[in-house]
Amino acid sequence: MPDTSAGSLTFLLGGARSGKSAHAEKLATAHPAPWTYIATAQSWDDEMAERIALHRARRTEGWSTVDAPFDLAEAVRAVPDERPLLVDCLTLWLSNHMLAGHDVDALSAELAHVLSAPRGPWFVVSNEVGLGIVPDNALGRRFRDAQGRLNQSVAAVADRVLFMVAGLPMQVK
Amino acid sequence: MPDTSAGSLTFLLGGARSGKSAHAEKLATAHPAPWTYIATAQSWDDEMAERIALHRARRTEGWSTVDAPFDLAEAVRAVPDERPLLVDCLTLWLSNHMLAGHDVDALSAELAHVLSAPRGPWFVVSNEVGLGIVPDNALGRRFRDAQGRLNQSVAAVADRVLFMVAGLPMQVK
Amino acid sequence: MPDTSAGSLTFLLGGARSGKSAHAEKLATAHPAPWTYIATAQSWDDEMAERIALHRARRTEGWSTVDAPFDLAEAVRAVPDERPLLVDCLTLWLSNHMLAGHDVDALSAELAHVLSAPRGPWFVVSNEVGLGIVPDNALGRRFRDAQGRLNQSVAAVADRVLFMVAGLPMQVK
Numbered sequence: 192m193p194d195t196s197a198g199s200l201t202f203l204l205g206g207a208r209s210g211k212s213a214h215a216e217k218l219a220t221a222h223p224a225p226w227t228y229i230a231t232a233q234s235w236d237d238e239m240a241e242r243i244a245l246h247r248a249r250r251t252e253g254w255s256t257v258d259a260p261f262d263l264a265e266a267v268r269a270v271p272d273e274r275p276l277l278v279d280c281l282t283l284w285l286s287n288h289m290l291a292g293h294d295v296d297a298l299s300a301e302l303a304h305v306l307s308a309p310r311g312p313w314f315v316v317s318n319e320v321g322l323g324i325v326p327d328n329a330l331g332r333r334f335r336d337a338q339g340r341l342n343q344s345v346a347a348v349a350d351r352v353l354f355m356v357a358g359l360p361m362q363v364k
Numbered sequence: 192m193p194d195t196s197a198g199s200l201t202f203l204l205g206g207a208r209s210g211k212s213a214h215a216e217k218l219a220t221a222h223p224a225p226w227t228y229i230a231t232a233q234s235w236d237d238e239m240a241e242r243i244a245l246h247r248a249r250r251t252e253g254w255s256t257v258d259a260p261f262d263l264a265e266a267v268r269a270v271p272d273e274r275p276l277l278v279d280c281l282t283l284w285l286s287n288h289m290l291a292g293h294d295v296d297a298l299s300a301e302l303a304h305v306l307s308a309p310r311g312p313w314f315v316v317s318n319e320v321g322l323g324i325v326p327d328n329a330l331g332r333r334f335r336d337a338q339g340r341l342n343q344s345v346a347a348v349a350d351r352v353l354f355m356v357a358g359l360p361m362q363v364k
Numbered sequence: 192m193p194d195t196s197a198g199s200l201t202f203l204l205g206g207a208r209s210g211k212s213a214h215a216e217k218l219a220t221a222h223p224a225p226w227t228y229i230a231t232a233q234s235w236d237d238e239m240a241e242r243i244a245l246h247r248a249r250r251t252e253g254w255s256t257v258d259a260p261f262d263l264a265e266a267v268r269a270v271p272d273e274r275p276l277l278v279d280c281l282t283l284w285l286s287n288h289m290l291a292g293h294d295v296d297a298l299s300a301e302l303a304h305v306l307s308a309p310r311g312p313w314f315v316v317s318n319e320v321g322l323g324i325v326p327d328n329a330l331g332r333r334f335r336d337a338q339g340r341l342n343q344s345v346a347a348v349a350d351r352v353l354f355m356v357a358g359l360p361m362q363v364k
């Protein structure tokens, strides 16, 4: 079990259904409540609405949830410094901005700066999306490049980086 | 080299052509023959028929092969408890059931239960499929979710979990 | 930090934008200049031209660059044995040959043989492409199979294998 002591950023990376969120919740709730959950998901269709509902159902008393599909940096700053914080996830946040036509590299740089600030224990979830063959459309390629760059920036400032495989953490840093 | 002593389940996860099957065969044959190989592949086209033939050609004397594209739990139960057993692989089994319109979550839960039973040394192979960008069709997304959940269930009951990279095992658990 | 002493082959595997090239350059330049960079990229469109330009811009004085989109084995043999050498990357080399209709398995076997020869410190970069769902076209499936086999061959002869995650190396071998 990696150290997740106060004052540290744990970055959880993994594929779809690799148990990133559940593991991040477990690590966060090892700290005293209350906990804050910043959700970046937007329920633009039934499939996504169902996923959001499943995630919410898993979180019990002690959690307060903040929706931040776009203004993630601001949402992070609004949480009291000492409170355990879970950000789930950077992939949807990036996707929201890219689909809206925003400058994702500038936004990613700003976010990495916010994530480099010291605060109480926090846990940031993101997807690794670059391990398949080259996507056959330009948007897919741009997204996976932007996601890879963002992940590198966050990993560089994180105190711990976990790569999730089938619900199990591998410690990368 | 991870411990693969008798009475333990080793779960081998990895990408396409990552050497999962060959490594599983190597681990299994470190135990005394005879060995049982449960194959889940169906040769519905030439490409798949060729892959099956290649896998079969690699296995030498001492192996008995059982085909179980659907009834995997039953096939596992039919193998004598003490005999080294290789199941290759959960991904094709899951795919067979999903394409047939079966309830893969119920079947996965049943399978995970079977895999949690103590028996002689066994080796179960599966694919990690969630590390690319989001598939552009709903079936692909459903499959990768179902595969991810199944992998988590099996990893949870496995004694050892190996993540294969270019033919080399990384021990996750 | 893995050992990258003289006379050893380090194989760096990872996804798109996982920091493979930058890390390989860092490892290579820990050895005394001059360094040779063998580039396999072909700028067949603007997107690729931009990537090549970005990679070139990062390399400073002390590097000499050799373009080898096809004749990689020959290019490697032409570099003085004691000089630190970076090959970036096997994925584009393989893709160039496959798109040209060449026998990639024969070429891969030849390349693995060349890479097994002792020489000064060298660093070979390749993509892991098999961790998404099955590609929906035959070329994509053939490519990912060929890439997986090539990666296994190179990993088998490498002294060190690093799996890059978000810019960070995990030592596989």
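Read top to bottom, the protein sequences are chains A, B and C. For the first sequence, this note's numbering assigns the number 192 to the initial residue and increments by one for each residue that follows. For the second sequence, this note's numbering assigns the number 192 to the initial residue and increments by one for each residue that follows. For the third sequence, this note's numbering assigns the number 192 to the initial residue and increments by one for each residue that follows. For glycine and all other residues, C-beta sits at the position ideal for the given N, C-alpha and C.
Kindly list the residues whose CB is nearer than 8 Å to the CB of C/R274, restricted to its own chain and excluding five residues on each side of it in sequence; keep chain order. The answer, listed in chain order, is P225, W226, T227, G311.
Residues in its own chain within less than 8 Å of B/D296 by CB, not counting five upstream and five downstream? Only A337, R340 meet the Cβ criterion.
Does any C-beta atom of chain A lie closer than 9 Å to the C-beta of C/R351? Interface criterion not met: the Cβ of C/R351 is under 9 Å from no Cβ in chain A.
Under 8 Å, with one C-beta from each stretch per pair, do the region 249-256 of chain C and the region 291-308 of chain C reach the 3-pair mark? These segments do not touch.
Over what stretch of residues does the alpha helix (DSSP H) that includes A/T282 continue unbroken? Counting along the chain, the alpha helix (DSSP H) containing A/T282 begins and ends at 281-290.
Which residue comes first and which comes last in the alpha helix (DSSP H) that contains B/L245? Boundaries of the alpha helix (DSSP H) harbouring B/L245: 237-249, taken from the DSSP string.
Using a cut-off of 8 Å between C-beta atoms, extract the partners of C/M361 located in chain A. The contact set of C/M361 on chain A, defined by CB atoms closer than 8 Å, consists of F354, M361, V363 in chain order.
Which residues in the same chain as C/G358 place their Cβ atom closer than 6 Å to its Cβ, once the five residues preceding and following it in sequence are excluded? The residues are G210.
Could you tell me which residues DSSP puts in a beta bridge with C/Q362? C/L353.
I'd like to know if A/I243 contacts chain B, where contact means its C-beta is closer than 9 Å to some C-beta of that chain. A/I243 does not count as touching chain B.
In three-state DSSP terms, what is B/A266? It is helical.
Given a limit of 7 Å on CB to CB distance, which residues of the region 329-341 of chain B reach chain A? Within the region 329-341 of chain B, contact with chain A at the beta-carbon level (separation under 7 Å) is assigned to R335, D336, G339, R340.
Hey, is A/T195's beta-carbon within less than 9 Å of any beta-carbon in chain C? Only weak support exists for where A/T195 lies, its pLDDT of 49 falling under 50; the value from the coordinates is given anyway. Taking Cβ atoms only, chain C never reaches closer than 9 Å to A/T195, which makes this a no.
From A/S307, A/D237, A/H246, residue whose alpha carbon lies closest to that of A/L200: Ranked by Cα distance from A/L200, the options A/S307, A/D237, A/H246 are led by A/S307.
What do you get for B/L328, buried or exposed, if any count of 16 or more other CB atoms within 10 angstroms of its CB means buried? Checking the sequence, you will find Asn at residue 328 of chain B rather than Leu. Per the 10 Å Cβ criterion, exposed.
List the residues of chain C that B/S209 touches, going by C-beta distances under 7 Å, in chain order. Ordered by position in chain C, the residues that pass the 7 Å Cβ test against B/S209 are G321, G339.
Which residue's Cα is closest to the Cα of B/V345: B/E319, B/M355, B/F354, B/A303? The option with the nearest alpha carbon to B/V345 is B/A303.
What separation, rounded to the nearest whole angstrom, lies between the Cα atoms of B/I229 and B/R242? Whole-angstrom Cα-Cα distance: 15 Å.
Taking only beta-carbon atoms, is B/D327 less than 9 Å away from chain A? Cβ-Cβ to chain A under 9 Å: yes for B/D327.
Own chain residues within Cβ distance below 8 Å of C/V348, not counting five before or after: Excluding positions up to five away in sequence, the list reads L200, A303, L306, S307.
Simplified DSSP assignment, three categories, for B/F261: Correct three-state label for B/F261: coil.
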